[in-house]
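Peer 1:
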Amino acid sequence: FLYVYFLVDASHSVTEPNFNISKQCLEVIITRIASFDVPIRFSVISYASRPKTIVDIQDDIAEDTEIVIEKIQNEMNYKDHGNATGTNIQDALDSVYQMMINEKAFTKVPWDKIRHAIILFTDGKSNMGGSPTKAVRSIEDFLNVRANRKDYLDIYAFGVGTVDVDWSAMNEIASKKPGERHAFKLNDLKELKAAFEDVLDPRDLHDICGLANNSDSASWEQKNPWHTLTEPSCRGALISKTWVLTSAHCFSKFNNTAGWTVILEKGRRIDHELFNVKAKVAQGIQEFYDYDLSLLELEKPVQFGGRIRPICLPCTEGANRALKMKPGATCKDHELQLLSLEEVDAQFISLDNKRMGRPTCISAALQDKKMFSEGTDASEVVTDRFLCSGGGRAVEAATCKGESGGSLFVERRERLFQVSEPLNVSRPCHGETRETVRDPPPANHKPRDFYISLFGVQDWLRQHLGQSLRFIPKE
Ligand SMILES: [Mg+2]
Numbered sequence: 001f002l003y004v005y006f007l008v009d010a011s012h013s014v015t016e017p018n019f020n021i022s023k024q025c026l027e028v029i030i031t032r033i034a035s036f037d038v039p040i041r042f043s044v045i046s047y048a049s050r051p052k053t054i055v056d057i058q059d060d061i062a063e064d065t066e067i068v069i070e071k072i073q074n075e076m077n078y079k080d081h082g083n084a085t086g087t088n089i090q091d092a093l094d095s096v097y098q099m100m101i102n103e104k105a106f107t108k109v110p111w112d113k114i115r116h117a118i119i120l121f122t123d124g125k126s127n128m129g130g131s132p133t134k135a136v137r138s139i140e141d142f143l144n145v146r147a148n149r150k151d152y153l154d155i156y157a158f159g160v161g162t163v164d165v166d167w168s169a170m171n172e173i174a175s176k177k178p179g180e181r182h183a184f185k186l187n188d189l190k191e192l193k194a195a196f197e198d199v200l201d202p203r204d205l206h207d208i209c210g211l212a213n214n215s216d217s218a219s220w221e222q223k224n225p226w227h228t229l230t231e232p233s234c235r236g237a238l239i240s241k242t243w244v245l246t247s248a249h250c251f252s253k254f255n256n257t258a259g260w261t262v263i264l265e266k267g268r269r270i271d272h273e274l275f276n277v278k279a280k281v282a283q284g285i286q287e288f289y290d291y292d293l294s295l296l297e298l299e300k301p302v303q304f305g306g307r308i309r310p311i312c313l314p315c316t317e318g319a320n321r322a323l324k325m326k327p328g329a330t331c332k333d334h335e336l337q338l339l340s341l342e343e344v345d346a347q348f349i350s351l352d353n354k355r356m357g358r359p360t361c362i363s364a365a366l367q368d369k370k371m372f373s374e375g376t377d378a379s380e381v382v383t384d385r386f387l388c389s390g391g392g393r394a395v396e397a398a399t400c401k402g403e404s405g406g407s408l409f410v411e412r413r414e415r416l417f418q419v420s421e422p423l424n425v426s427r428p429c430h431g432e433t434r435e436t437v438r439d440p441p442p443a444n445h446k447p448r449d450f451y452i453s454l455f456g457v458q459d460w461l462r463q464h465l466g467q468s469l470r471f472i473p474k475e
């Protein structure tokens, strides 16, 4: 359980424009924390010489992200504090202390299990009520923050905008923990976002899919923790502790699986039984890629952490929580949520490890003579399970040979969902391991790529993954 208390300085020294930036920061932070799937309550207080409670930690709505944000927008105003020249941080912290006392008396949650974060937006300057450290002490004592309970309280001080911060005051209020920063001066919302990603490194959050660290300072693996390299031929996507989803053709074309030994030494591989690249040769279709899917079962379950984490597989309970959909939602609901528009902005990961944009298209341009000979019925080649992508905007972002097996994914509510998997693509790109050069297509050639929709292979996924992922009803 996580309780977050926001204290927003509305005093003269901060000024109204900076107060308004702080309000926007609150929205950003609340939305991001809510994407972490932990049970959470928010409290919001603005203050100058006196505190004003916008949301009490005990309020029923304290756990409802959207209403908390609405109340901040509508009920938290700089003018509420009149022309007060006073700034009383001690008093504001004392309101948090009082809230904690009341909450402890009434909550049904085991009090010792609750982590508390107090986040001040302030310049640190206070001229009333005495030193804020007194209030901090009372809170520490009340929460019993000893050596082995240091994780149960964090106090952050953010100065945002053009505020002139008093660093020694900021540092005095903020928690002091080795290797962690708790006091910040940030110029704008963008800097706040980046700093907050560092504060909230999701490494401690287990069993949560589709979560990446978006901090500027995060490593590539932290930003794309599900993406697996399966040299020499393909890429794959981690979907649970033991399973990687990839393309079946990776194995049929490259019989030498030496490059896979890292993950497959003693693991198991399940190819989709209906995949057969030569299935329609008689009909003039030299290569047929329907059902081009394989599951790789790892020998040992991986440990999730900041660098290794699964992407959300639609139609599972994990994806349902990430989408913030009600229990009882169906696979159909997920499909509508993730692929509802005619054009969906989806991304894949290139050979040189960049995320690339990928608008989908509706009409298929069947120009690949290997896949389509003259007069071929397009529906024979491109079945219901295919998603098609490409179009005018996509020239720079066509998939290259070697990128198949990876994931085509969509971002919703700050989480990532795999909707399909890139198929074999014959387009060679230069420099497959370093900087990939994507050749512009020949004149009059519309680049199109094809993907297997995971919504079209639900039975197969459920049959093999039912033990390690919890699926929701199909309809
Ligand atoms: Mg002030």
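Counting along the sequence shown from 1, when you hit position 155 you're at 155 in the UniProt record's numbering, and nothing is skipped either side.
Here a beta-carbon is modelled for each residue, glycine too, at the ideal position from N, C-alpha and C.
#1: Taking 7 Å as the CB-CB cut-off, is F450 touching chain B?
#2: Would you report the Cα separation of P473 and R32, rounded to the nearest angstrom?
#3: Assuming G405 and G236 make a contact with CB atoms under 8 Å, what is their CB distance in whole Å?
#4: In angstroms, rounded to a whole number, what distance separates the CA positions of F304 and S168?
#5: Would P225 be called buried (16 or more neighbouring beta carbons within 10 Å of its own) or exposed?
#6: With a Cβ-Cβ cutoff of 7 Å, do A92 and I45 count as a contact?
#7: Which ranges does the alpha helix (DSSP H) cover as unbroken runs of at least 4 residues, wholly within the stretch 156–225, from first to last along the chain?
#8: Would you decide whether G148 is buried or exposed? Buried here means 16 or more other CB atoms lie within 10 Å of its CB.
#9: Measuring only the C-alpha atoms, how far is E414 from Q283?
#10: Looking at K185 and ligand 1, is the gap between the Cβ and the nearest heavy atom below 6 Å?
#11: Can you name, in chain order, every residue of its own chain whose Cβ lies under 7 Å from the Cβ of I72, other than the five neighbours on each side?
#12: Spatial neighbours of N18 within its chain, please: C-beta separation below 7 Å, excluding the five flanking residues on both sides.
#13: Which of the three DSSP states is assigned to W236 in this structure?
#14: State whether the stretch 270–287 contacts the stretch 298–318, with contact taken as three or more CB pairs (one from each stretch) at a distance under 8 Å.
#15: Once you ignore the five residues that flank S240 on each side, which residues in its own chain have a CB closer than 6 Å to its CB?
#16: Which residue wins for smallest C-alpha separation from L339, given the options L454, L153, D56?
#17: Kindly indicate which three-state DSSP category S46 falls into: helix, strand or coil?
#18: Taking T15 as the reference, give the member of L274, G86, C250 with the closest Cα.
#19: Would you grab the beta carbon distance between V244 and L298 for me? Rounded to a whole angstrom, and I think it's under 8 Å.
#20: Is it buried or exposed for F275, if we count other Cβ within 10 angstroms and need 16 for buried?
#21: How about E197 and N213: do their beta carbons lie closer than 7 Å?
#22: Would you list, in sequence order, the uninterrupted beta strand (DSSP E) runs of no fewer than 3 residues that lie entirely inside the stretch 109–147?
#23: Ordered along the chain, which non-local residues of its own chain (more than five positions away) have a Cβ less than 6 Å from that of I119?
#24: Hey, would you say residue 479 sits closer than 7 Å to I67, going by beta carbons?
#25: In whole angstroms, what is the alpha-carbon distance linking V136 and Q337?
#26: Rounded to the nearest angstrom, what separates Y3 and L238 at their Cα positions?
#27: Our contact map puts I208 next to D37 with C-beta atoms below 8 Å; I'd like the distance itself, whole angstroms only.
#28: Note down, in chain order, each residue of its chain lying with its Cβ closer than 7 Å to the Cβ of S215, except the 5 sequence neighbours on either side.
#29: Any heavy atom of ligand 1 inside 6 Å of the beta-carbon of S46?
#30: Would you kindly report the start and end of the unbroken alpha helix (DSSP H) that includes T65?
#31: How far does the beta strand (DSSP E) with F304 in it extend, from its first residue to its last?
#32: Compute the minimum distance between the beta carbon of K125 and the heavy atoms of ligand 1, and state whether it is under 6 Å.
#33: Beta carbon of T162: closer than 6 Å to some heavy atom of ligand 1?
#34: S363: buried (16+ other C-beta within 10 angstroms of its C-beta) or exposed?
#35: On the three-state DSSP scale, how would you describe L323?
#36: By Cβ distance, which residues of its chain are closer than 7 Å to D333, with the 5 residues on each side in sequence left out?
Peer 2: So, from the data block:
#1: No chain B appears in this structure, which consists of one protein chain only.
#2: 28 Å
#3: 5 Å
#4: 38 Å
#5: buried
#6: yes
#7: 167–173, 189–199, 220–223
#8: Note on residue identity: the sequence assigns Asn, not Gly, to residue 148. Burial call: exposed.
#9: 45 Å
#10: False, no ligand heavy atom lies under 6 Å from that Cβ.
#11: K23, L26, E27, V44, I54
#12: V160, G161, T162, V163
#13: The sequence shown places Gly at residue 236, not Trp. If DSSP states are grouped into helix, strand and coil, G236 belongs with the strands.
#14: no
#15: P310, S468, L469
#16: L454
#17: strand
#18: Of L274, G86, C250, the smallest CA-CA separation from T15 is found for G86.
#19: 7 Å
#20: buried
#21: yes
#22: 115–121
#23: F6, Y156
#24: An answer regarding residue 479 cannot be provided, because it is not within the stretch 1 to 475 covered by the chain.
#25: Rounded to whole angstroms, V136 to Q337 spans 44 Å at the Cα level.
#26: 31 Å
#27: Sure, about 5 Å apart at Cβ, within 8 Å.
#28: A194, E197, D198
#29: no
#30: 65–75
#31: Careful: F304 lies outside any beta strand (DSSP E) and carries neither H nor E.
#32: yes
#33: no
#34: A caution first: S363 carries a pLDDT of 41, below 50, which makes its placement in the model unreliable, though a value can still be read off. Label assigned to S363: exposed.
#35: coil
#36: The beta carbon of D333 lies closer than 7 Å to those of M325 in the same chain, with the five residues before and after it left out.
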